[in-house]
Amino acid sequence: GKNIDKKVLIRFGLPSVIAAFIGSYLLVLIDDNIVIFSYYFFDKKIDVILVKFLISILLIIFAIIDLISDKQFTFDKKYLPVGGFLSGFFGGLSGNQGALRSAFLVRHALGKSVFVATTVVISSLVDITRLSVYSTNFLNLNYSDYYQLGFFSVFSAVAGSFIGNRLLKKVTIEQIKKIVALLLILLGISLL
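Number 499 in my numbering belongs to position 88 of the sequence shown; there are no gaps in the numbering.
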């Protein structure tokens with residue numbers, strides 16, 4: 412907590428949380444039975460529904476933006492609330508807020524530990540907000556179908572945090588951005 416930039420947290424994080432609520436609420440309203448297109452993969456018919464299509468396209472777009480954005484390209488601090496709103500909105504809608512958040516915050520001369528601490532808090536607040544909205548659909552789920560997925564998700568998140576903390580001293584933010592962007596592109600293509 413000592414490394415958090417409180418001004419960035421308020422100016423960027425507060426609009427992020429408000430917009431995350433709006434984006435996640437819109438996602439809940441989208442009919443998940445609308446099939447955009449279908450294809451066959453090894454004789455198995457795969458339907459791509461509207462929600463997965465939107466999320467995959469957003470993941471790919473934001474990852475590409477993150478990959479091609481110029482390191483020297485900067486946003487004035489007065490645009491922090493706008494960046495926070497956009498980041499939060501797409502975080503609520505697709506679960507991906509990292510590309511826009513990085514595009515706005517990585518260029519504000521925050522030290523590596525300040526950048527990581529501030530973005531962790533902002534992304535956590537956005538995730539809490541969007542998950543609270545998504546939870547309105549949790550009553551309709553059969554949780555026994557998701558124990559294995561839940562276990563591996565939590566295990567992967569904890570392992571990733573420990574590994575990331577150790578690697579933080581050995582890699583640059585640019586290297587982290589490129590790795591994450593490439594993985595998001597693969598995830599987006601997989602969803603399609």
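Don't be surprised by glycine CBs; every beta carbon is placed ideally from N, CA and C. Note that the structure is predicted; figures quoted are calculated from it, not measured.
Alpha carbon to alpha carbon, how far is residue 573 from residue 532? Give it in angstroms, no decimals.
In the sequence shown, the residue the question calls residue 532 occupies position 121. In the sequence shown, the residue the question calls residue 573 occupies position 162. Taking the straight line from one Cα to the other gives about 17 Å.
- Task: Assign residue 588 to one of three DSSP states: helix, strand, or coil.
- Result: The sequence position of residue 588 within the sequence shown is 177, counting from 1. Residue 588: helix per DSSP, three-state reduction.
| said: Here's the rule: buried if 16 or more other CB atoms are within 10 angstroms of the residue's CB, otherwise exposed. What is residue 456? | reply: Position 45 of the sequence shown holds residue 456. Exposed.
Requested in this report: Going by DSSP, name the residue or residues bridged to residue 457.
Outcome: Translated into positions along the sequence shown, residue 457 becomes position 46. Beta-bridge pairing links residue 457 to 450.
| said: Let me confirm a value: residue 588 is counted as buried when at least 16 other C-beta atoms fall within 10 Å, else exposed. Which label applies? | reply: If you number the sequence shown from 1, residue 588 lands on position 177. So residue 588 counts as buried.
Exercise for review: Could you tell me whether the Cβ atoms of residue 460 and residue 446 are closer together than 8 Å?
Suggested key: Your numbering for residue 460 matches position 49 in the sequence shown. Your numbering for residue 446 matches position 35 in the sequence shown. Yes, the Cβ-Cβ distance between residue 460 and residue 446 is below 8 Å.
query: First and last residue of the alpha helix (DSSP H) that includes residue 442?
result: Residue 442 sits at position 31 when you count from the first residue of the sequence shown. Per DSSP, residue 442 belongs to no alpha helix (DSSP H) and is neither H nor E.
Proximal residues to residue 433 (C-beta, below 7 Å), its chain only, five neighbours per side dropped
What you label residue 433 is simply residue 22 of the sequence shown in a count that begins at 1. Once the five neighbours on either side are set aside, the close Cβ partners of residue 433 are 500, 503.
| task | Check whether the region 415-429 touches the region 521-536, taking contact to mean three or more Cβ pairs, one atom from each stretch, closer than 8 Å. | result | yes
- prompt: How would you label residue 563, buried or exposed, when you count the other beta carbons within 10 angstroms and need 16 or more for buried?
  reply: Along the sequence shown, read from residue 1 onward, the residue named residue 563 stands at position 152. Exposed, by the Cβ-count rule.
query: Under the rule that 16 or more other beta-carbon atoms within 10 Å means buried, what is residue 540, buried or exposed?
result: Mapped onto the sequence shown, residue 540 falls at position 129. Residue 540 comes out buried.
When you compare only the Cα positions, how much space is there between residue 593 and residue 555?
Numbered from its first residue, the sequence shown carries residue 593 at position 182. Numbered from its first residue, the sequence shown carries residue 555 at position 144. If you take the alpha carbons of residue 593 and residue 555, they lie about 32 Å apart.
Subject >> Which listed residue (421, 567, 586, 603) has its alpha carbon closest to that of residue 492 >> reply: As a position in the sequence shown, residue 492 is number 81, starting the count at 1. Taking only the C-alpha atoms, the option nearest residue 492 is 421.
Count the other C-beta atoms from every protein chain shown that fall within 10 angstroms of the C-beta of residue 596, then say buried if there are 16 or more, exposed otherwise. Within the sequence shown, numbered from 1, the residue matching residue 596 stands at position 185. That one is buried.
Practice task
Check whether the Cβ atoms of residue 602 and residue 463 lie closer than 8 Å to each other.
Solution key: Residue mapping note: residue 602 aligns to position 191 of the sequence shown, counting from 1. Residue mapping note: residue 463 aligns to position 52 of the sequence shown, counting from 1. It is a contact, given that the beta carbons lie within the stated cut-off.
Measure the alpha-carbon distance for residue 431 versus residue 439 and round it to whole angstroms.
Start at 1 with the first residue of the sequence shown, and residue 431 comes out as number 20. Start at 1 with the first residue of the sequence shown, and residue 439 comes out as number 28. Taking the straight line from one Cα to the other gives about 12 Å.
* Asked: By Cβ distance below 8 Å, which residues in the same chain neighbour residue 444 in space, the five residues on each side in sequence not counted?
  -> In the sequence shown, counting from the first residue as 1, residue 444 sits at position 33. Counting only Cβ-Cβ distances below 8 Å, and skipping sequence neighbours, we find 460.
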